[in-house]
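Residue numbers (our numbering), protein chains in the order written: chain A, 174 to 569; chain B, 174 to 569.
We treat Cβ as the ideally placed atom computed from N, Cα and C, and that holds for glycine.
Down below is the structure, laid out as structure tokens.
2 protein chains.
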Amino acid sequence: MSVLYDNLATRDGVVTLPEGLALDCGQHIAPLDIACRTYGTLSPAKDNAILVCHALTGDQYLAEPHPLTGKPGWWSRMVGPGLPIDTDRFFVICSNVLGGCMGSTGPCSISPKGERWGTEFPPITIRDMVRAQALLLDHFGIERLFAAIGGSMGGMLVLEWVATYPERVFAAMAVATAPYHSAQNIAFNEVSRQAIYADPDWHGGRYWAHDVVPARGLAVARMMAHITYLSEEALTRKFGRRVRRDPKAAAGSTAGGVIGTASLFGEMFEVESYLRHQGSSFVNRFDANSYLTITRALDYFDLSADHDGDLAAPFVGVKTRFCVVSFSSDWLFPTSQSRAMARALNRAGVNVSFVEIESDRGHDSFLLDEPDFDRTMRGFVNGAAEHAGLRRGGRG
Amino acid sequence: MSVLYDNLATRDGVVTLPEGLALDCGQHIAPLDIACRTYGTLSPAKDNAILVCHALTGDQYLAEPHPLTGKPGWWSRMVGPGLPIDTDRFFVICSNVLGGCMGSTGPCSISPKGERWGTEFPPITIRDMVRAQALLLDHFGIERLFAAIGGSMGGMLVLEWVATYPERVFAAMAVATAPYHSAQNIAFNEVSRQAIYADPDWHGGRYWAHDVVPARGLAVARMMAHITYLSEEALTRKFGRRVRRDPKAAAGSTAGGVIGTASLFGEMFEVESYLRHQGSSFVNRFDANSYLTITRALDYFDLSADHDGDLAAPFVGVKTRFCVVSFSSDWLFPTSQSRAMARALNRAGVNVSFVEIESDRGHDSFLLDEPDFDRTMRGFVNGAAEHAGLRRGGRG
């Protein structure tokens, strides 16, 4: 944790902005809490800040162990001293998105009525999330980001950052993302939501008042989403059709939200065991109402919506240097969508490079050890830093 | 409905075989009911029978309106007088699979204990389903099928038919299928099952004793499966990102198992509305325990399991004429799996043709109006009939 961060944050890594935020839906939410973590040191000129935007179920624990799971930060292999996003050189900020459940204002927060917002939390958009981050930067006195970087939903935030505040982002990298949520993406999200609603512990979204969580529904949502994050090749290589004894061969036993049942011949497939574990562990760290709120924001994301479907329009005249990255086996955010984004940026006259990384590990590739991606990241960040005239290896 | 069928079936289109069936799991189930429908007329030589095998959620209502939904039979466009599977020439049989819920013995049937089997229904395999069909043919006095034809799970039954009873099938067409269920297929099925278990009306599988059905869980399972039946292109073309007013904008209202909730700005995406309808209507015609039983059978299907992974081994010396058909945009049963099957048949020395149909409508293409597929079907069936020396246009 950086020294600077301790100076700026008020309590437990949460910045409270009393003036709050006006949302796209017309409501005003105040105060606004933003939970964030920073790494590295902000230069005196405040010109070396990189905002890293997390994905749907990510959070601000970017490069340090997660306080709930104890696991390494979600991009520990990418962000740190000497790593592609080098904290010896850059000041890296990662904040929990508006609507999240790791300290930023969201459905778990207390509403003006004095109880949790729950399902009454206002509908939010990706742009609302970006505006909240902009207020955080204002609070830090950072006028302009050296770079905004993110994958999946984080990539949408990056795109929206440049569309909304083009003067505030010198360089932008959008990874494994798309300029809008496709019908298939929306469909999967809708099934996730229905799985949560189907849980008896859902209680119309007021589960917190009943001292329960809709663990089974949320686990089902996570299991399904997890399949979409992996390629068929990755699943086959990891699990194939291997079976193991079913430890819960007796029907009906519950463990962390997922029910085991009598399986054929007392066996279960390893991929089933893996998915059940993914589902069970997720419910211990994520809030169902946050999941609903954020998936809605994802579904409504469409950069061209205010421009008659013209994806180039939001970027005309933009000076930000762009890098768009996709992974060949990502079927949730396929290369075709990244390419369409890169072409639109080209049409808008923006300086953009487009890289498709060969990988057979699906959407999750952006979180995994992919040396080609690391090289692309390092090259883009250092190239942009040179262009910006940033001191090499400078700690401000 | 054919005359012959009326003569053979005992009540309501159900054939009851008192001796029952010995299952792969070691249990013996008796009596065995098989619900079936037939079209056309069996020739005196009983050499013009085509068995059509239905998919996971299909049934015996192949070419006539469904008694519960009133919709046309699932292959009405393919089976009938003058159609590619020509009932003026062939006697077409379609039976509800063992484990199903449209009249064949399955979890809804009454067990020897005097109540519904429910989750105590024995685990079954695709081979068990095929053995049950073979008993039905014995009952009809049909020694050898002119052809076995099926798509998706139906295609697995076709493959298993030839592997188990090579002498009883002259020609076989396996469409949009695979010789084993992949890790991704298993993963999706497992999420379906967990969705059913998560429903408060599941009651450990004894929902029938509580006079309810786990409608919400089953609807979620169906919604998710439905996404996998369509291609991304098909979803985009059908729905894109179009929105409509949400008729259930008030949170928590229930309709046919699916809950509407307050959506962003009171709108919902058309793809959401479509999926909810798919989920709701499914629960009115399908039993949850059947869904669990049949998906298990699918997951355990692996033709090479008894042959050290050698897919050719079960087919060495087989005289059956094969046609393997895939659809280019089918990502649930991709062309690669059909091609592997065709190559294995080739290695085994089997007469096999392999056709990939260009279509952007995904797995469901085999149920849709695809003229290239119709031509392939007509050509294969007529070619095989000529080879078999069947009378042209013969009604026996």
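*Roughly how far, in whole angstroms, is the beta-carbon of Asp-301 of chain B from the beta-carbon of Leu-271 of chain B, given that I think they are within contact range, below 8 Å?*
What you label residue 301 of chain B is simply residue 128 of the second sequence in a count that begins at 1. What you label residue 271 of chain B is simply residue 98 of the second sequence in a count that begins at 1. Between Leu-271 of chain B and Asp-301 of chain B the Cβ distance is about 6 Å, and since that is below 8 Å, they are a contact.
*At a Cβ threshold of 8 Å, is Leu-256 of chain A touching chain B?*
As a position in the first sequence, residue 256 of chain A is number 83, starting the count at 1. No, its Cβ sits nowhere closer than 8 Å to a Cβ of chain B.
*Grab me the residues of Met-275 of chain A's own chain with a C-beta within less than 7 Å of its C-beta, minus the 5 sequence neighbours each way, in chain order.*
Residue 275 of chain A sits at position 102 when you count from the first residue of the first sequence. Ala-208, Asp-232, Gln-233 and Asn-269, listed in sequence order.
*Curious, which full-length beta strand (DSSP E) runs of at least 3 residues does the segment 474 to 549 of chain A contain?*
494 to 500 and 525 to 530
*CB-CB under 8 Å to Leu-330 of chain B, same chain, minus the five flanking residues each way: which ones, in chain order?*
Position 157 of the second sequence, counting from 1, holds the residue named residue 330 of chain B. Hits under 8 Å: Cys-226, Val-270, Ile-299, Met-302, Val-303, Gln-306, Ala-321 and Gly-323.
_Member of B:Thr-493, B:Leu-465 and B:Asp-460 whose CA lies at the smallest distance from the CA of Ala-557 of chain B_ = What you label residue 557 of chain B is simply residue 384 of the second sequence in a count that begins at 1. Ranking the options by Cα distance to Ala-557 of chain B, first place goes to B:Thr-493.
*Can you list, in chain order, the residues of its chain whose CB lies under 8 Å from that of Ala-576 of chain B, leaving out five sequence neighbours each side?*
This structure gives no information on residue 576 of chain B, because the portion of chain B shown stretches from 174 to 569.
_Using 8 Å for Cβ pairs, my map puts Arg-418 of chain B next to Glu-440 of chain B. What's the rounded Cβ distance?_
Counting from one through the second sequence, the residue named residue 418 of chain B turns up at place 245. Counting from one through the second sequence, the residue named residue 440 of chain B turns up at place 267. About 6 Å; that satisfies the 8 Å criterion.
_Using only CA atoms, which one of B:Ala-351, B:Asp-483 and B:Gly-213 lies nearest to Gly-327 of chain B?_
Counting from 1 along the second sequence, the entry for residue 327 of chain B is found at position 154. Closest by alpha carbon: B:Ala-351.
_At the 8 Å Cβ level, is Pro-217 of chain B part of the contact set with chain A, yes or no?_
By one-based count along the second sequence, residue 217 of chain B stands at place 44. Judged by the 8 Å Cβ criterion, Pro-217 of chain B is not in contact with chain A.
*State the CB to CB distance for the pair Ile-369 of chain B and Tyr-464 of chain B, rounded to an integer number of angstroms; the pair is presumed to be in contact (CB under 8 Å).*
As a first step, residue 369 of chain B is located in the second sequence; it is residue number 196 there, counting from the start. As a first step, residue 464 of chain B is located in the second sequence; it is residue number 291 there, counting from the start. Right, the Cβ-Cβ distance comes to about 7 Å (below 8 Å), so this counts as a contact.
_Phe-455 of chain A and Leu-391 of chain A closer than 8 Å at C-beta_ = Numbered from its first residue, the first sequence carries residue 455 of chain A at position 282. Numbered from its first residue, the first sequence carries residue 391 of chain A at position 218. The answer is yes: Cβ separation under 8 Å.
*Count the other CB atoms within 10 Å of the CB of Leu-541 of chain B; is the residue buried (16 or more) or exposed (fewer)?*
Locating residue 541 of chain B in the second sequence gives position 368, where the first residue counts as 1. Leu-541 of chain B is exposed by the Cβ-count criterion.
*asked:* Could you check whether Phe-539 of chain B and Ala-349 of chain B sit closer than 8 Å to each other, using their CB atoms as the reference points?
replied: Sequence index remark: in the second sequence, residue 349 of chain B carries index 176 (1-based). Sequence index remark: in the second sequence, residue 539 of chain B carries index 366 (1-based). Contact: yes.
*What's the call for Ile-432 of chain A, buried or exposed, on a 16-neighbour Cβ count within 10 Å?*
Within the first sequence, numbered from 1, the residue matching residue 432 of chain A stands at position 259. In this predicted model, Ile-432 of chain A has a pLDDT of only 43, less than 50, meaning its place in the structure is not dependable enough to derive any value.
*Determine the direct distance from the alpha carbon of Pro-254 of chain B to that of Tyr-212 of chain B, and round the result to whole angstroms.*
Start at 1 with the first residue of the second sequence, and residue 212 of chain B comes out as number 39. Start at 1 with the first residue of the second sequence, and residue 254 of chain B comes out as number 81. Using only the alpha carbons, I get a separation of about 9 Å.
*Thinking Gly-378 of chain B and Thr-468 of chain B are a contact (beta carbons under 8 Å), I'd like their distance in whole angstroms, please.*
Mapped onto the second sequence, residue 378 of chain B falls at position 205. Mapped onto the second sequence, residue 468 of chain B falls at position 295. With a Cβ gap of about 14 Å, Gly-378 of chain B and Thr-468 of chain B do not count as contacting.
_Using 8 Å as the threshold, is the C-beta distance between Ser-502 of chain B and Gly-452 of chain B below it?_
Position 329 of the second sequence holds residue 502 of chain B. Position 279 of the second sequence holds residue 452 of chain B. No; because the gap between Cβ atoms is not below 8 Å, this pair is not in contact.
*Report the residues of the segment 399 to 420 of chain B with a CB closer than 7 Å to any CB of chain A, ordered along the chain.*
Ile-400, Glu-405, Leu-408, Thr-409, Phe-412, Gly-413 and Arg-414
*asked:* According to DSSP, is Tyr-353 of chain A part of a helix, a strand, or is it coil?
replied: Along the first sequence, one-based indexing puts residue 353 of chain A at 180. If DSSP states are grouped into helix, strand and coil, Tyr-353 of chain A belongs with the strands.
*In whole angstroms, what separates the C-alpha of Phe-459 of chain B from that of Leu-196 of chain B?*
To locate residue 459 of chain B, count along the second sequence from 1; it is residue 286. To locate residue 196 of chain B, count along the second sequence from 1; it is residue 23. The straight-line gap from Cα to Cα measures roughly 23 Å.
_Other residues of its chain near Ala-485 of chain A: CB distance less than 6 Å, five sequence neighbours each side excluded_ = Along the first sequence, one-based indexing puts residue 485 of chain A at 312. Here the set comprises Ala-517, Arg-520 and Ala-521.
*Give me the Cα-Cα distance between Trp-504 of chain A and Ala-228 of chain B, rounded to the nearest whole angstrom.*
If you number the first sequence from 1, residue 504 of chain A lands on position 331. If you number the second sequence from 1, residue 228 of chain B lands on position 55. C-alpha separation (whole angstroms): 25 Å.
_Does any residue of chain A have a CB that is nearer than 8 Å to the CB of Gln-200 of chain B?_
Numbered from 1 along the second sequence, position 27 holds the residue referred to as residue 200 of chain B. False, the Cβ-Cβ gap to chain A never drops below 8 Å.
_Reference His-201 of chain A; option with closest CA among A:Val-393, A:Thr-278, A:Ala-222 and A:His-376_ = Position 28 of the first sequence, counting from 1, holds the residue named residue 201 of chain A. Among A:Val-393, A:Thr-278, A:Ala-222 and A:His-376, the Cα nearest to that of His-201 of chain A is on A:Thr-278.
*Pick out whichever of A:His-239, A:Arg-366 and A:Leu-308 has its Cα sitting closest to the Cα of Pro-191 of chain A.*
Position 18 of the first sequence, counting from 1, holds the residue named residue 191 of chain A. Measuring from the Cα of Pro-191 of chain A, the nearest candidate turns out to be A:Leu-308.
*asked:* Once DSSP output is grouped into helix, strand and coil, what is the label at Val-364 of chain B?
replied: Taking the first residue of the second sequence as 1, we reach residue 364 of chain B at position 191. Three-state result, Val-364 of chain B: helix.
_Environment of Asp-221 of chain B [buried if 16+ CB atoms lie within 10 Å]_ = Along the second sequence, read from residue 1 onward, the residue named residue 221 of chain B stands at position 48. This sequence places Asn at residue 221 of chain B; Asp is not what is there. With 16 or more other Cβ atoms within 10 Å, it is buried.
*asked:* Could you compute how far the alpha carbon of Asp-374 of chain A sits from the alpha carbon of Ala-356 of chain B?
replied: Looking up residue 374 of chain A in the first sequence gives position 201. Looking up residue 356 of chain B in the second sequence gives position 183. If I take the Cα positions, the gap works out to 30 Å.
*asked:* So Arg-379 of chain B contacts chain A; which residues on that side make the cut at Cβ distance below 7 Å?
replied: For this step, residue 379 of chain B is matched to residue 206 along the second sequence. None at all; the shortest Cβ gap to chain A is about 10 Å.
*So is Val-393 of chain A buried or exposed if we call it buried at 16+ other beta carbons inside 10 Å?*
Locating residue 393 of chain A in the first sequence gives position 220, counting from the first residue. With 16 or more other Cβ atoms within 10 Å, it is buried.
*Assign Gly-314 of chain A to one of two classes, buried (16 or more other C-beta atoms within 10 Å of its C-beta) or exposed (fewer than that).*
On the first sequence, position 141 is the one that residue 314 of chain A refers to. The residue in question, Gly-314 of chain A, is exposed, as its Cβ has fewer than 16 Cβ neighbours within 10 Å.
*Quick one: grab the DSSP three-state call for Trp-291 of chain A.*
Mapped onto the first sequence, residue 291 of chain A falls at position 118. A small fix is needed here, since residue 291 of chain A is Gly in this sequence, not Trp. Looking at Gly-291 of chain A - three-state DSSP - the assignment turns out to be helix.
*Any beta-carbon of chain B closer than 8 Å to the one on Asp-479 of chain A?*
Here residue 479 of chain A refers to the residue found at position 306 of the first sequence. False, the Cβ-Cβ gap to chain B never drops below 8 Å.
*Anything in chain A within Cβ reach of Arg-389 of chain B, meaning under 8 Å, just list it in chain order.*
To locate residue 389 of chain B, count along the second sequence from 1; it is residue 216. Under the 8 Å cutoff, chain A gives Gln-367, Tyr-370 and Ala-371.
*asked:* Taking the alpha carbon of Val-386 of chain B as the reference point, which residue from B:Asp-372, B:Arg-395 and B:Glu-543 has its own alpha carbon closest?
replied: Sequence index remark: in the second sequence, residue 386 of chain B carries index 213 (1-based). Nearest of B:Asp-372, B:Arg-395 and B:Glu-543 to Val-386 of chain B, Cα basis: B:Asp-372.
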